[in-house]
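Everything on this sheet refers to the single structure shown next.
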Amino acid sequence: MDFFNRYQFEAAKVNFDEACKKLESENLREIAELFSRIVDVYDSWDKFNNLYKKKPIKTAFYNILNDIENSDNLKRYFEQEHPDFLKQIKNNHKFLELKVSRKGMIELDNVKYYLPDLLNNAYRRIEEGKYDDAVARLYRTIELIAQLGLTDEGLIKSEVLMQNKEFKIDLNIIDKLDDDEIKSFVYQLREYENALRYGKSHIGIGSDQSYRLLSKCDIDYACDYLKDKKLKTNVGSRNGSILAHGLNPIDKKKANKLYSQVLSYAKRAFPDLVKYMDMSEFPKFE
136 MDFFNRYQFE AAKVNFDEAC KKLESENLRE IAELFSRIVD VYDSWDKFNN
186 LYKKKPIKTA FYNILNDIEN SDNLKRYFEQ EHPDFLKQIK NNHKFLELKV
236 SRKGMIELDN VKYYLPDLLN NAYRRIEEGK YDDAVARLYR TIELIAQLGL
286 TDEGLIKSEV LMQNKEFKID LNIIDKLDDD EIKSFVYQLR EYENALRYGK
336 SHIGIGSDQS YRLLSKCDID YACDYLKDKK LKTNVGSRNG SILAHGLNPI
386 DKKKANKLYS QVLSYAKRAF PDLVKYMDMS EFPKFE
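Read in order, the letters of the sequence shown correspond to residues 136 to 421 in the working numbering.
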């Protein structure tokens with residue numbers, strides 16, 4: 136259980152599996168076997184997998200909750216020993232029902248739930264002391280905030296997002312806009328010139344370009360981001376880290392500072408963010 140609380144899922148599973156082999160009590164073995172499944176599912180979720188054993192991961196949560204409900208032993212054990220843990224599993228299942236579609240594919244209505252999930256994942260890395268990993272995730276979060284903003288503005292090609300899980304600007308939509316400033320911005324991009332050359336109907340753009348495009352749409356947080364020197368300084372520390380372009384390690388102070396800054400922008404992009412971060416937070420044993 137201590138391994139699970141520290142997100143050492145593989146080590147936790149080894150211990151629960153060993154317990155299953157040694158326990159003589161049927162009731163205790165049933166509990167240990169369920170814990171082994173729980174650990175495995177959370178390990179998969181922590182690695183951003185929408186599918187678990189070829190089925191949407193939310194199905195695995197449903198099966199776990201169903202097995203607890205239908206076993207007097209499991210139900211009594213969780214209600215007496217770990218009621219908060221069980222409650223959070225239920226919250227996690229509700230969240231995954233929102234985030235993961237029936238077939239585990241991307242849909243426009245559920246893509247925003249990747250934001251609270253990614254922020255929670257970054258914070259877990261901070262808790263583990265893996266600050267470089269955390270900052271790499273936070274850097275991705277910054278980009279995702281802009282991509283979700285462009286999706287809300289209707290500028291992302293939905294077919295590419297759903298089929299390839301990539302955010303691409305839909306040039307057909309840009310061509311139909313009445314806003315000359317937005318069209319002029321896109322038409323001057325090098326990516327647009329390449330798209331014309333190769334007959335493509337969509338382009339991918341970087342994080343800063345995404346925020347600049349959003350600023351043309353009069354999105355306040357995008358305009359503020361472009362002027363935020365303190366955030367850019369902390370993002371620069373990521374570029375010099377061992378997981379980016381340099382050899383410098385990230386310390387806890389920088390990781391926590393960047394997390395706080397990114398969280399602030401994420402809340403502005405997704406007003407209900409904290410609610411869904413709470414819903415998708417991993418449970419812990421007391």
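Think of the CB as a built atom: it goes at the ideal place given N, C-alpha and C, for glycine as much as any other residue.
DSSP beta-bridge partners for residue i?
{"i": "His337", "result": "Asp305"}
Specify the secondary structure class of residue i as computed by DSSP and reduced to three states.
{"i": "Tyr187", "result": "strand"}
{"i": "Ile261", "result": "helix"}
{"i": "Ile291", "result": "strand"}
{"i": "Ser345", "result": "helix"}
{"i": "Asn205", "result": "coil"}
{"i": "Asp313", "result": "coil"}
{"i": "Asp407", "result": "coil"}
{"i": "Ile416", "result": "This sequence places Glu at residue 416; Ile is not what is there. If DSSP states are grouped into helix, strand and coil, Glu416 belongs with coil."}
Enumerate in chain order the residues of its own chain whose CB-to-CB distance from residue i is below 7 angstroms, with the five nearest sequence positions on each side excluded.
{"i": "Asn255", "result": "Met412, Ser415, Glu416"}
{"i": "Lys303", "result": "Ile291, Lys292, Val295, His337, Ile338, Gly339"}
{"i": "Asp152", "result": "Ser171"}
{"i": "Val397", "result": "Leu273, Thr276, Ile277"}
{"i": "Asp353", "result": "none"}
{"i": "Leu408", "result": "Leu250, Pro251, Ala401, Lys402"}
{"i": "Lys247", "result": "Leu283, Phe405"}
{"i": "Leu158", "result": "Arg164, Ala167"}
{"i": "Ile241", "result": "Leu296, Met297, Lys300"}
{"i": "Asp425", "result": "Given a span of 136 to 421 for the chain in the structure shown, any question on residue 425 remains unanswerable."}
Where do the ends of the alpha helix (DSSP H) carrying residue i lie?
{"i": "His228", "result": "218-234"}
{"i": "Gly284", "result": "266-287"}
{"i": "Val246", "result": "It is not in any alpha helix (DSSP H) - Val246 carries neither H nor E in the DSSP assignment."}
{"i": "Asp181", "result": "161-181"}
{"i": "Tyr356", "result": "355-362"}
{"i": "Val155", "result": "Here residue 155 is Cys; the residue named in the question, Val, does not match the sequence. Cys155 -> alpha helix (DSSP H) spans 144-157."}
{"i": "Phe420", "result": "Looking at the DSSP string, Phe420 is not in any alpha helix (DSSP H), and its letter there is neither H nor E."}
Answer with buried or exposed for residue i, where buried requires no fewer than 16 other C-beta atoms within 10 angstroms of its C-beta.
{"i": "Pro406", "result": "exposed"}
{"i": "Pro418", "result": "buried"}
{"i": "Leu209", "result": "buried"}
{"i": "Pro218", "result": "exposed"}
{"i": "Gly284", "result": "buried"}
{"i": "Arg436", "result": "Because the chain here runs from 136 to 421, residue 436 falls outside it and cannot be looked at."}
{"i": "Asp175", "result": "buried"}
{"i": "Gln282", "result": "buried"}
{"i": "Thr368", "result": "exposed"}
{"i": "Pro384", "result": "exposed"}
{"i": "Tyr333", "result": "exposed"}
{"i": "Asn185", "result": "buried"}
{"i": "Asn205", "result": "exposed"}
{"i": "Asp85", "result": "Outside the shown range of the chain (136 to 421) lies residue 85, about which nothing can therefore be said."}
{"i": "Lys387", "result": "exposed"}
{"i": "Ser160", "result": "exposed"}
{"i": "Asp244", "result": "exposed"}
{"i": "Asn201", "result": "exposed"}
{"i": "Phe420", "result": "exposed"}
With a threshold of 6 angstroms on Cβ separation, who are the neighbours of residue i within its own chain once the five nearest residues in sequence on each side are excluded?
{"i": "Val321", "result": "Ile309, Tyr327"}
{"i": "Ala195", "result": "Val176, Tyr187"}
Short of 8 angstroms in beta carbon distance, which residues of its chain neighbour residue i, apart from the five on each side in sequence? Order them along the chain.
{"i": "Tyr177", "result": "Phe139, Phe144, Phe417"}
{"i": "Ala330", "result": "Leu306, Ser336, His337, Ile338"}
{"i": "Ile224", "result": "Ile173, Phe196, Ile199, Leu200, Pro418"}
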